[in-house]
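Student:
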Amino acid sequence: MRIASWNVNSIRARLEHLTGWLGRVSPDVLCIQETKVEDSRFPEEVLADAGYRAQFFGQKSYNGVAIAARMGLALEDVKRNLDGDDADAPRRLMACTVEGVRVINVYVPNGQAVGTPAFAYKLAWLSRLRLELAAHCKPEDPLLLCGDFNVAPEPIDVHNPQKWEGQVLFHPDERAALRDVIAWGLCDGFRRFHPEPGHYTWWDYRLSGFRRNQGLRIDHALMTPSLAERATDVWIDKEPRKLDRPSDHAPIVVDFTL
DNA sequence: ATGGCTGCTTTGAGCAGA
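Using the numbering used here, read the first sequence as starting at 875 and increasing by one per residue.
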């Protein structure tokens, strides 16, 4: 079983990259963030031609999440956004159950800059995510919480931690909020398999960040122990980041036995 | 020191991203 997560930075701008990647990597499920498209314009047919059926939860211009599953694989108990979100809330979360695994796909707010209302919203959102887990899930059950968290957990996850310390994406308060989510009963799937430095999931379009591998590891695949013990690898696919006009994020892929 | 790129928007300069 292969479940992946990718912030595509506009699904319409990335359709060819997306379908090409689905064909090459062939995940059973793909959690997508930043679709940036309202539901009536979601490219269902293109995904269907690629062999995938998607559940989607988007809005115009910003945010938006989707979960695509190989045709014939059922996505059950779909939930959209956090408890307490109203209809106007930014669309940032979709959860479903597939093959007995609860999959939660998140696009955590970016936070803009430390000290802004957006930063406070980001911290509150992470706090509500922890409450969501406590209210609906059990740490004993197989669960994957994946997506774009917009937080680098440790200095090893930042190409230049001295420069980034205290900045948005690597501020102590965000890191504590992410640790609090993990403390519900999760582990960092990627680090279980790849403890060494130099692995990132996002590289700035500016500064030739990708060419110099100056990035941040801000996309994560967090899992409960009962799923982690079935995992055979968690890896980052840098290939699509090398294409012309790429997303600034790379996909993260979780392989596990059923 | 600053901004450096990209996608979106009732098309064009401004916002947001990270």
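Ideal placement from N, C-alpha and C gives every residue a C-beta, glycine not left out.
Measuring CA to CA, which of 1021, 1071 and 932 is closest to residue 981?
Tutor: 1021
Student: At 3 residues or longer, and completely inside the segment 926 to 987: list those beta strand (DSSP E) runs for me, N to C.
Tutor: 926 to 931, 939 to 944, 950 to 954, 967 to 972 and 975 to 981
Student: What does a CB cutoff of less than 6 Å around residue 1066 pick up in its chain, not counting 5 residues either side in sequence?
Tutor: Taken in chain order, the list of residues that qualify is empty.
Student: Given that a residue counts as buried once 16 or more other Cβ atoms are within 10 Å of its Cβ, and exposed if not, what is residue 1093?
Tutor: buried
Student: Looking at residue 903 and residue 1121, is the spacing between their C-beta atoms short of 9 Å?
Tutor: no
Student: Whole angstroms is fine: what's the gap from residue 972's alpha carbon to residue 944's?
Tutor: 11 Å
Student: List the endpoints of the continuous alpha helix (DSSP H) containing residue 1036.
Tutor: If you look at residue 1036, you'll find it in the alpha helix (DSSP H) that goes 1035 to 1038.
Student: Note down, in chain order, each residue of its chain lying with its Cβ closer than 7 Å to the Cβ of residue 1063, except the 5 sequence neighbours on either side.
Tutor: 1095, 1096, 1097, 1102, 1105, 1108 and 1128
Student: To which residues of the same chain is residue 925 closer than 7 Å at the C-beta, ignoring the five residues directly before and after it?
Tutor: 944 and 945
Student: Going by C-alpha distance, which of 1056, 1100, 1119 and 1071 is nearest residue 1078?
Tutor: 1119
Student: What is the rounded straight-line gap between the Cα of residue 1014 and the Cα of residue 1001?
Tutor: As the crow flies, the alpha-carbon of residue 1014 is around 21 Å from that of residue 1001.
Student: Taking the continuous beta strand (DSSP E) assigned at residue 1106, which residues delimit it?
Tutor: 1105 to 1110
Student: Determine the burial state of residue 910: buried for a count of at least 16 other Cβ atoms within 10 Å of its Cβ, exposed for fewer.
Tutor: Buried, by the Cβ-count rule.
Student: I'd like to know whether the C-beta atoms of residue 1023 and residue 1035 end up nearer to each other than 9 Å.
Tutor: no
Student: Is it true that the CB of residue 999 sits closer than 9 Å to the CB of residue 983?
Tutor: Result yes, Cβ atoms of residue 983 and residue 999 sit closer than 9 Å.
Student: To test your reading of the DSSP string, which unbroken alpha helix (DSSP H) runs of 4 or more residues are found completely within the segment 1019 to 1059?
Tutor: 1035 to 1038 and 1046 to 1056
Student: Leaving out five residues on either side along the sequence, give the residues of the same chain with a beta carbon under 8 Å from the beta carbon of residue 916.
Tutor: Counting only Cβ-Cβ distances below 8 Å, and skipping sequence neighbours, we find 885, 909, 928, 930, 932 and 940.
Student: Within 10 Å of its beta-carbon, does residue 1031 have 16 or more other beta-carbons around it, so buried, or fewer, so exposed?
Tutor: buried
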